[in-house]
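This report concerns only the one structure given below.
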Amino acid sequence: MFFRYRCEIISKSKSIYYRIVDRRKYLALGGSAVLAGCIGSPLSLLSDDLVKWTASLPSGPWTSPVIADGTVYIGADNQLLAYSIEDGDPIAFQFDELGTLTATPSIVDGKLLIPVFNEENEESALTKLNDDGEVIWKRNLSGGYPFSMDVHENTISIRTESMVFLLREDGTIKWEVETPTVNHDYLMRLADLSPILHNESVFIPSPNGLNKRDRETGVREWTSLQRQVAATPTVSGETIYCTSNEGLVTSIDKNTGKQNWRRSISGSWTAPEVDDETVYVTSGTDVLALDRTNGKTRWRLGDYGLHGDSYTDPVIVENTVITGSIGRTMTLVSANDGQRLDHYEGNGTRTAIAVDGDIAVAVDGDQLAALNLP
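No gaps in the numbering here: position 150 of the sequence shown is 150 in full-length UniProt numbering, and each next residue is one more.
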């Protein structure tokens, strides 16, 4: 199965679908996410042994969890917090940068990349840290709140109201261009909105569509869709797949920007998941599987199947689609036929579910929950 590779330690990027690697390690390093929600509901399980541990957070989470070397990292209460993936015990971690963590961190070669915004001086920055919290470099960014980033080889792409392209080693800015950004009112849903680095191009989601720019110069090559793209697109082969909160899934030729097909659905705030034959998307409270060649429906988990609107990117682990919603923290669905296999009711989520081996870690209201995958 093709999938995105964000962190170089496993050769993956948030949005590039051209390598075959271990899906669970990809998810652990921050594969998809949008910020956490706090919808209350009683604990209810189909599997009694699903919960491995829970850990209370000091305030509502601001980022998705990411996992590396047995440690779960998450931004909450203007802090970067760390927990043991085995038992949920907190791990001492010092992060002294002033400001709010506005988007999900990335982990590259054991180093953390942290986007922050300081409300007092209205400055945004990207900071690179060692795993003990020591600052390696800090680069101020123009243009307000930074969203998440894509990391590929020696480069980083990140956007605020500008699109910024940096060198990973020392944070040198190679170029930046002003681009329309998603309304900051949507910040709580868009912690993982990021550009896509793919070969010699950068693909940038924005309110006026999907833009393609030259990776080395930043020169715009085309704009497609002409509508708000509020989730990171997915590149697979020669095709880009986009969702829109206005209710479309679109297949686009990555070279020309020409649309191959589009399919009307309910609004979607999540990135598509793609395998050899199928595109998986959330649509309101549903999950859909679409034929990647023509957009026709293969199956649909409907009838309020996710028990709430979904802001959690669907992902596939061993032929199982994993996603969540504001009304149910995690739902497992068969990728073959769309049958619901299991669920964890929890307190709801608006965030990615990180997976490492047989453990899934989800933001669950105002706590973290580590869940044993069947």
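The beta carbon of each residue, even a glycine, is placed where N, CA and C say it ideally should be.
Alpha-carbon spacing of residue i relative to residue j, whole angstroms
{"i": "Arg139", "j": "Thr127", "result": "6 Å"}
{"i": "Ala289", "j": "Val279", "result": "6 Å"}
{"i": "Leu43", "j": "Tyr344", "result": "Residue confidence for Leu43 is low, a pLDDT of 35 falling below 50, so the modelled location carries little weight; the figure read from the coordinates is stated next. About 8 Å."}
{"i": "Cys38", "j": "Arg328", "result": "Residue placement at Cys38 is poorly supported in this model, since its pLDDT is 28, which falls under 50; the coordinates still yield a value, given next. Going by the C-alpha atoms only, they are around 11 Å apart."}
{"i": "Glu273", "j": "Leu112", "result": "25 Å"}
{"i": "Ser310", "j": "Thr250", "result": "19 Å"}
{"i": "Val333", "j": "Val315", "result": "10 Å"}
{"i": "Leu45", "j": "Thr63", "result": "Bear in mind that a pLDDT of 44 at Leu45, under 50, signals an unreliable position, so the model cannot answer this."}
{"i": "Asp337", "j": "Phe93", "result": "44 Å"}
{"i": "Thr155", "j": "Met163", "result": "13 Å"}
{"i": "Gln339", "j": "Ser268", "result": "21 Å"}
{"i": "Glu123", "j": "Asp291", "result": "44 Å"}
{"i": "Met149", "j": "Ser56", "result": "27 Å"}
{"i": "Thr104", "j": "Lys296", "result": "33 Å"}
{"i": "Leu301", "j": "Val177", "result": "41 Å"}
{"i": "Thr312", "j": "Glu246", "result": "17 Å"}
{"i": "Val135", "j": "Ser84", "result": "22 Å"}
{"i": "Gly133", "j": "Ile265", "result": "43 Å"}
{"i": "Arg263", "j": "Arg350", "result": "24 Å"}
{"i": "Gly237", "j": "Lys254", "result": "9 Å"}
{"i": "Ile114", "j": "Val317", "result": "27 Å"}
{"i": "Glu277", "j": "Asn118", "result": "44 Å"}
{"i": "Asp87", "j": "Leu141", "result": "37 Å"}
{"i": "Leu373", "j": "Ala362", "result": "12 Å"}
{"i": "Leu50", "j": "Val281", "result": "24 Å"}
{"i": "Leu197", "j": "Leu341", "result": "34 Å"}
Residue i - DSSP class collapsed to helix/strand/coil
{"i": "Lys25", "result": "At Lys25 the pLDDT is 42, less than 50, meaning the model places this residue with poor confidence; the figure from the coordinates comes in the next sentence. Reduced to three states, the DSSP call for Lys25 is helix."}
{"i": "Lys258", "result": "coil"}
{"i": "Thr331", "result": "strand"}
{"i": "Gln339", "result": "coil"}
{"i": "Ile196", "result": "strand"}
{"i": "Tyr145", "result": "coil"}
{"i": "Gly209", "result": "strand"}
{"i": "Trp62", "result": "coil"}
{"i": "Gln367", "result": "strand"}
{"i": "Tyr280", "result": "strand"}
{"i": "Val108", "result": "strand"}
{"i": "Leu373", "result": "coil"}
{"i": "Thr312", "result": "coil"}
{"i": "Leu306", "result": "coil"}
{"i": "Glu123", "result": "strand"}
{"i": "Asp253", "result": "strand"}
{"i": "Val229", "result": "coil"}
{"i": "Asp170", "result": "coil"}
Supposed contact pair residue j and residue i - C-beta distance, whole angstroms, cut 8 Å
{"i": "Val116", "j": "Gly99", "result": "4 Å"}
{"i": "Ser157", "j": "Phe165", "result": "5 Å"}
{"i": "residue 375", "j": "Arg215", "result": "The question about residue 375 has no answer, for the chain in this structure spans 1 to 374."}
{"i": "Thr54", "j": "Ala360", "result": "That pair is no contact at about 13 Å."}
{"i": "Gly110", "j": "Asp69", "result": "7 Å"}
{"i": "Ser325", "j": "Thr285", "result": "7 Å"}
{"i": "Ser194", "j": "Thr232", "result": "5 Å"}
{"i": "Trp261", "j": "Thr217", "result": "Contact doesn't hold; Cβ gap of about 31 Å is too wide."}
{"i": "Gly305", "j": "Val287", "result": "6 Å"}
{"i": "Pro65", "j": "Ala354", "result": "5 Å"}
Segment limits, beta strand (DSSP E) that includes residue i
{"i": "Ala68", "result": "Val66 to Ala68"}
{"i": "Arg159", "result": "Thr155 to Arg159"}
{"i": "Glu178", "result": "Ile173 to Glu178"}
{"i": "Lys52", "result": "Val51 to Ser56"}
{"i": "Val235", "result": "Thr234 to Ser236"}
{"i": "Ile85", "result": "Unbroken run through Ile85: none, as it is neither H nor E."}
For residue i: DSSP bridge partner residues
{"i": "Trp269", "result": "Per DSSP, none; premise fails for Trp269."}
{"i": "Trp137", "result": "Lys128"}
{"i": "Thr223", "result": "Asn211"}
{"i": "Ile353", "result": "Ala362"}
{"i": "Ile91", "result": "According to DSSP, Ile91 bridges with nothing at all."}
{"i": "Thr100", "result": "Phe117"}
{"i": "Gln79", "result": "Ala76"}
{"i": "Thr217", "result": "Paired residue(s): none; Thr217 is not in a bridge."}
{"i": "Thr243", "result": "Val249"}
{"i": "Thr323", "result": "Thr331"}
{"i": "Ala289", "result": "Tyr280 and Trp299"}
{"i": "Asp150", "result": "Ser157"}
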